[in-house]
Structures are given as C-alpha cells and as structure tokens.
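*Asks:* Chains as they are written, first to last, in the numbering used here: chain P, -19 to 233; chain H, 76 to 293. Ideal Cβ positions, reconstructed from N, Cα and C, are used throughout, including at glycine. As the structure is a computational prediction, the values presented were derived from the model and not from experiment. Please see the structure below; I have some questions.
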Amino acid sequence: MSSDIVLKVEDLHKSYGNIPVLKGISFEVRRGETKIICGPSGSGKSTLLRCLNLITKPDKGRIWLEGEEITDRNVNINKVRQRIGFVFQEFNLFNHLTALRNVSIGLEVVKKMDKNEARRIALEMLRKVGLEEHAHKYPAELSGGQKQRVAIARALAMNPAIIFYDEPTSALDPQLIGEVLEVMKALAREKVTSIVVTHEMGFAQSVGDEILFMYDGKIIEQGPPLQIIQNPKCEQTRRFFQRIHELYARENK
Amino acid sequence: MSFWEEFISYLIQGWITTLEILAVCIPLSILLGLGLAVARVYGNRLISLIAGGFVALLRGLPLVVTLLIVFFALPKLGIFFPPFWAAVIAFVMCSGAYQSEYVRGAIRSIDIGQSLAAQSLGMTKLQEVVHIILPQAFRRALPGITNEIIYLILYSSLAYLVGVQELFAVAKHFNSLQFRPIEIFSTTALIYAFMATIATLAFRKIEVKLRIPGLEIT
C-alpha cells in the first residue's frame, strides 16, 4: 500500500438491529487531503465517522490507518484513537476543565507527557485557533464558536494522523460559524489530513479535495467539489444540492 | 469535683472517641460510595450484580441490625472485631451504600458526549472514569454526600450498643450515676448539633472551592 495513503476503508457495513446504516463503504484518504462527506440526514455519515475511529464497531469490512489494519482484533483500540482526532457537532469539551486543560489532558493522561511540556503545547494549540487569552476559561464561559475551536485545538494537540469533523458547525449560531470554518480552512491549507462531514458548500469548494456523497448507507457519487456540487450525475445528489442551494438563497435574501 | 467539671471531662473523653470514629468513617464511606457506584455503572455483569446486591442488602437492613450482626453474629463464624472497629465497619458499609446511590445518579447524569470525547483521545475506560467522569459526578453528588455524612455523625451514637465509649455512651453512663438527664442529654444534644453544623459548613466550603462555572447544582 502506498505510504501516502493515511486511511483506507474497504466494504464497511454496519446495522443497528435489522436496519442497515452502512451498506458497503470504500474509499481512501491521502496525506494532506481534505475529504468532504455530505448527504441527507440518516444517510449514515455520523455512523461512518464513528465506525472509522471504532467508537462504533463495524459489522463487516476493513480499515487501515497509515497501513496498519485497525479492524484487526489484536489492535489496541486506545492506541489507534490517539492517532485520530475527533471534533464533535456538540463540541463535548470536558466541562470541569479549563480550555487549556481540555487541550493538555490528552497529552498528560494518554501520552504521559510532562505537565509543563503538555501545557506548553496546549497553549501553542490555543494560539493556533486564536484563543490564547481564553486559556483559563471554563467551557461554560466560552461561546459556541470558541468551544469548537478549543475542541479543534484538543484534537490537534495529539498530533493525529487524521482529524474527523462531524458536522462541526451545525450546532452553532450562524454568526459563529465563520470563525470555526476559518480555523478549519487554515488547517486544510497546512495540509492537515481530514474528513469533514458538513453541508458548508463554500468550505467544501474552497478547501475540499473531494466530495463523497452518501445516500442510504452508500457513497453514490464522488469527485471534485465543484463538479459534484454544480454538475452531479446522480438524481439524488442533484436534488440534495439544489435543496441546499435554495435554502441558502432564501437565507441570503 | 463539681458535677459540671466531672461531666465535662467525661464528655470530652467520649467526644474524642466519636471524632475518632468519624475520622475513619467519613473518608472510608466516601471511598466506598465512589467504588460501589463505579462498580455498578462500569463493572461487568458479575461485579455490577455484587455491588448492586451489597447496596440493596445494606439499605434493606436497619443499621442497628447490621451493627449487631457485625459484632455478635460474625464472631460465631470466626470473624472477630473489637467494638470500635465493628462500629466503623457497620457505619462505613451503611453510609457507603447510601452514598453510592447519589454518586451513581450523578455518573448517569453526565452527558454521553464526555465519554465519547475521552474515548476519542485514546483514554482507557479507567482514565476516562478517573479524569473525566468522577470529577464531574463527585461535584454533582456532593450535596447528597453531605447529607449522608450528617446522618453518619448522628448515628455514630449507635456505637454505644456494642460498648464503644463514645459521646452518647458516656452521657448515658454518667446519667445513670448522677441522674440529671436534662443537663446531661441537652448538653450531649448540643454537641451533636454542633458537629452537624460544622460538617454542613465544611462541606459547603468544599462545594464552593470545587465550584466550576457551568457545573453548579441549581
């Protein structure tokens, strides 16, 4: 397997009870790439991300992270997750820790790093997302956009091979979405490998390398963002982007 | 020696013993409460069942019965405890069982997202529980724990039943010598009320010290 493939997914399946959610997903992510996943709600996007970092166990299929098969039963799942950053829609910052400690705790507890060194890195990461002055604040004292930027810093601090973003701006007020997208764009331009589940088509077009369009548990179409958004081949894809386009047009009126 | 001089010197002896019981029981019961709650929520089926059964049993017995079992019945099975330790064991088990229910409720009330975020960083279950879940759950459970500690202070007086010379035991004994129940028992009552008040204030102080914006109990 070529060494610049960070993540490879082959024929992934997942059902909840009798309801199949993922019906055979395969794709690859190359180093430095930003993959966009979109699709209607219920199409399996979030389940896919959770299967990829093994928070949800896939029923069938194989996943390789930097050439190592992580669906192998003998793999230490905790070790694997250290190498995958995860940014949640609902932020999920640790409520009892300051912004700084939210970012440093993974380094201290999981990587057993010296406390001072962990804090130095954490502060550097907070600076990167523009929140150095808010390092001492608790999550409840931060806005939604700031929380999500701390969450991104927390993921980055672990120096992961890839970062997953699960609808990172969907829980934010419209005026706070921009600051989060700016941070994500900057990281994408620094070639931080990522998979982004999002409906922010501006973001997808400006930094996405490829869009994977999911429908009913399958990737039914994939290609460069501009082509997928403006000139999709599948009827479902076309309808989906038309609806998003109409929604934005109405909002911008 | 006057009545009051003699009474006070008696009471102080007993009070010291009561404080010794509490000094052992308070930290141990909190630890047991945390341990039982964690075992019930995170243990495998067997561990969870054992911890749950322990809590159900201890909450189903009058404390007096528990105490007498520990002191009088266990020796028949070859397990002996001196009076002081028999009382400590009974109180810790009883208080720990009650406290564990507050902690268990608090753990259950922590949003699942906290756990997902901890797992995503690569934390083991133990790291997650110790560093993420318990610090939050403990804060939420603290008012309930305070309640149990105050009960513990008051029912430490039951130790007199197995012959521990604690505060109530010496008061009772002194009354049988002097028969001045109004002075003797009202003074004793004041001391218990004083200890309960100090405990309330101390735990309030801990609550304030541990307070984190957004985690307050409203």
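Residues of chain H with CB under 7 Å from P:Lys59, in chain order?
*Replies:* Mapped onto the first sequence, residue 59 of chain P falls at position 79. Those within 7 Å of P:Lys59 in chain H are Gly197.
*Asks:* Three-state secondary structure (DSSP) at P:Thr14?
*Replies:* Taking the first residue of the first sequence as position 1, residue 14 of chain P is located at position 34. P:Thr14 falls in the strand class under three-state DSSP.
*Asks:* Looking at the strands, I want to know which residues DSSP matches up with P:Glu8.
*Replies:* As a working note, residue 8 of chain P is residue 28 in the first sequence. Bridge partners of P:Glu8: P:Lys(-12).
*Asks:* List the whole-angstrom C-beta distance separating P:Met164 from P:Ile17, where the pair is believed to meet the contact cut-off of C-beta under 8 Å.
*Replies:* One-based indexing of the first sequence puts residue 164 of chain P at position 184. One-based indexing of the first sequence puts residue 17 of chain P at position 37. Incorrect: roughly 14 Å between the Cβ atoms, too far for contact.
*Asks:* Name the chain H residues that come within less than 8 Å of P:Asn72, Cβ to Cβ?
*Replies:* Mapped onto the first sequence, residue 72 of chain P falls at position 92. In chain order: Asp186, Gly188, Gln189, Leu191 and Ala192.
*Asks:* CB P:Asn82 to CB P:Ala141, shorter than 9 Å?
*Replies:* Indexing the first sequence from 1 puts residue 82 of chain P at position 102. Indexing the first sequence from 1 puts residue 141 of chain P at position 161. No, the pair does not count as a contact, with Cβ atoms beyond the cut-off.
*Asks:* Which residues of the segment 75 to 90 of chain P have a Cβ closer than 8 Å to any Cβ of chain H? Give them in chain order.
*Replies:* Residues passing the 8 Å Cβ filter: Asn75, His76, Ile85, Gly86, Val89 and Val90.
*Asks:* Assign P:Met138 to one of three DSSP states: helix, strand, or coil.
*Replies:* The count along the first sequence starts at 1 and reaches residue 138 of chain P at position 158. Looking at P:Met138 - three-state DSSP - the assignment turns out to be coil, as it is neither helix nor strand.
*Asks:* Do you know how far the Cα of H:Ala192 is from the Cα of P:Phe183?
*Replies:* Within the first sequence, residue 183 of chain P is the residue found at index 203, counting from 1. Within the second sequence, residue 192 of chain H is the residue found at index 117, counting from 1. Near 25 Å, if we compare the C-alpha coordinates of H:Ala192 and P:Phe183.
*Asks:* List the residues of chain P that H:Gln240 touches, going by C-beta distances under 8 Å, in chain order.
*Replies:* Reading the second sequence from its first residue, position 165 is the one you call residue 240 of chain H. Near H:Gln240 there are no residues of chain P at all, since even the closest Cβ is about 43 Å away, more than 8 Å.
*Asks:* For chain H, is any of its Cβ atoms less than 9 Å away from the one on P:Met(-19)?
*Replies:* Taking the first sequence and counting its residues from 1, the one referred to as residue -19 of chain P is at position 1. Reliability fails at P:Met(-19), whose pLDDT of 49 lies under 50, so the model's placement of it is uncertain and no value is given.
*Asks:* Give me the Cα-Cα distance between P:Pro148 and H:Gly127, rounded to the nearest whole angstrom.
*Replies:* Taking the first sequence and counting its residues from 1, the one referred to as residue 148 of chain P is at position 168. Taking the second sequence and counting its residues from 1, the one referred to as residue 127 of chain H is at position 52. Using only the alpha carbons, I get a separation of about 40 Å.
*Asks:* By the three-class DSSP mapping on this structure, what secondary structure does P:Ile143 have?
*Replies:* Working through the first sequence from its first residue, we reach residue 143 of chain P at position 163. Correct three-state label for P:Ile143: strand.
*Asks:* Would H:Gly135 be called buried (16 or more neighbouring beta carbons within 10 Å of its own) or exposed?
*Replies:* Reading the second sequence from its first residue, position 60 is the one you call residue 135 of chain H. The residue is exposed, with fewer than 16 neighbouring Cβ atoms inside 10 Å.
*Asks:* Cβ of H:Leu290 less than 9 Å from any chain P Cβ?
*Replies:* For the purposes of this step, residue 290 of chain H is identified with residue 215 of the second sequence, where counting begins at 1. Yes - at least one Cβ of chain P is within 9 Å of the one on H:Leu290.
*Asks:* Does the distance from the CB of P:Leu80 to the CB of P:His116 come in under 9 Å?
*Replies:* The residue labelled residue 80 of chain P in the question sits at position 100 within the first sequence. The residue labelled residue 116 of chain P in the question sits at position 136 within the first sequence. Result yes, Cβ atoms of P:Leu80 and P:His116 sit closer than 9 Å.
*Asks:* Is H:Gly197 closer than 9 Å to P:Arg93 when the C-beta atoms are compared?
*Replies:* As a first step, residue 93 of chain P must be located in the first sequence, where it is residue number 113. As a first step, residue 197 of chain H must be located in the second sequence, where it is residue number 122. Per the sequence shown, the amino acid found at residue 93 of chain P is Met instead of Arg. Contact: no.
*Asks:* Name the chain H residues whose beta carbon is nearer than 9 Å to that of P:Met138?
*Replies:* Counting from 1 along the first sequence, the entry for residue 138 of chain P is found at position 158. Ordered by position in chain H, the residues that pass the 9 Å Cβ test against P:Met138 are Leu196 and Gly197.
*Asks:* Let me see if you follow: with CB-CB separation under 9 Å, is P:Pro119 close to chain H or not?
*Replies:* Here residue 119 of chain P corresponds to residue number 139 of the first sequence, with the count starting at 1. Closer than 9 Å to some Cβ of chain H, the Cβ of P:Pro119 qualifies, so yes.
*Asks:* Determine contact between the segment 21 to 41 of chain P and the segment 168 to 175 of chain H, defined as no fewer than three beta-carbon pairs at a distance below 8 Å.
*Replies:* Because the criterion of three Cβ pairs below 8 Å is not met, the segment 21 to 41 of chain P and the segment 168 to 175 of chain H do not touch.
*Asks:* What residues in the segment 194 to 228 of chain H bring their beta carbon closer than 8 Å to a beta carbon of chain P?
*Replies:* Under the 8 Å Cβ criterion, the segment 194 to 228 of chain H contributes Gln194, Ser195, Leu196, Gly197, Met198, Thr199, Gln202, His206, Ile207, Pro210, Gln211 and Arg214.
*Asks:* Return the CA-CA distance between H:Asn250 and H:Val237, expressed in angstroms with no decimal places.
*Replies:* Taking the first residue of the second sequence as 1, we reach residue 250 of chain H at position 175. Taking the first residue of the second sequence as 1, we reach residue 237 of chain H at position 162. So the two alpha carbons sit approximately 18 Å from each other.
*Asks:* Give a yes or no on whether 9 Å exceeds the smallest Cβ distance from H:Ile287 to chain P.
*Replies:* Within the second sequence, numbered from 1, the residue matching residue 287 of chain H stands at position 212. At least one chain P Cβ lies under 9 Å of H:Ile287.
*Asks:* Determine the extent of the beta strand (DSSP E) in which P:Arg42 is found, giving its start and end residues.
*Replies:* Counting from one through the first sequence, the residue named residue 42 of chain P turns up at place 62. Here the beta strand (DSSP E) through P:Arg42 covers Lys40 to Leu45.
*Asks:* Please report how far the alpha carbon of H:Ile182 lies from the alpha carbon of H:Ala234, in whole angstroms.
*Replies:* Position 107 of the second sequence holds residue 182 of chain H. Position 159 of the second sequence holds residue 234 of chain H. So the alpha carbons of these two residues sit roughly 32 Å apart.
*Asks:* If you run the structure through DSSP and keep just helix, strand and coil, what is P:Gln185?
*Replies:* Here residue 185 of chain P refers to the residue found at position 205 of the first sequence. Reduced to three states, the DSSP call for P:Gln185 is helix.
*Asks:* Kindly say whether P:Ala166, judged by its beta-carbon, lies nearer than 9 Å to any beta-carbon of chain H.
*Replies:* Within the first sequence, the letter at position 186 stands for residue 166 of chain P. Not one chain H Cβ lies under 9 Å of P:Ala166.
*Asks:* Is the CB of P:Arg99 under 9 Å away from at least one CB in chain H?
*Replies:* Locating residue 99 of chain P in the first sequence gives position 119, counting from the first residue. Judged by the 9 Å Cβ criterion, P:Arg99 is not in contact with chain H.
*Asks:* Using a threshold of 8 Å, is the CB atom of H:Phe243 nearer than that to any non-hydrogen atom of the ligand NAD?
*Replies:* Looking for the ligand NAD in the displayed structure turns up nothing, as the structure carries no ligands at all.
*Asks:* In the structure shown, what three-state DSSP assignment does P:Leu177 receive?
*Replies:* Against the first sequence, residue 177 of chain P aligns to sequence position 197. Per the sequence presented here, residue 177 of chain P reads as Val, with Leu not at that position. Looking at P:Val177 - three-state DSSP - the assignment turns out to be strand.
*Asks:* For P:Asn33, which residues in chain H fall below 7 Å Cβ to Cβ?
*Replies:* For the purposes of this step, residue 33 of chain P is taken as residue 53 along the first sequence, with counting starting at 1. In chain order: Ser195.
*Asks:* What are the uninterrupted segments assigned as alpha helix (DSSP H) that are 4 or more residues long and contained completely in the segment 126 to 190 of chain H, given in chain order?
*Replies:* Counting only runs of 4 or more, we get 138 to 143 and 158 to 184.
*Asks:* Thinking C-alpha only, which one of H:Gln194, H:Ser175, H:Thr272 and H:Gln202 is nearest H:Ala114?
*Replies:* Locating residue 114 of chain H in the second sequence gives position 39, where the first residue counts as 1. Of the candidates H:Gln194, H:Ser175, H:Thr272 and H:Gln202, the one whose C-alpha sits nearest the C-alpha of H:Ala114 is H:Ser175.
*Asks:* Quick one: which chain H residues come within Cβ less than 8 Å of P:Gln62?
*Replies:* Start at 1 with the first residue of the first sequence, and residue 62 of chain P comes out as number 82. Result: Leu196 and Gly197.
*Asks:* At a Cβ threshold of 9 Å, is P:Arg134 touching chain H?
*Replies:* For the purposes of this step, residue 134 of chain P is identified with residue 154 of the first sequence, where counting begins at 1. Cβ-Cβ to chain H under 9 Å: yes for P:Arg134.
*Asks:* Does the beta carbon of P:Ala131 sit closer than 9 Å to a beta carbon anywhere in chain H?
*Replies:* Working through the first sequence from its first residue, we reach residue 131 of chain P at position 151. Cβ-Cβ to chain H under 9 Å: yes for P:Ala131.
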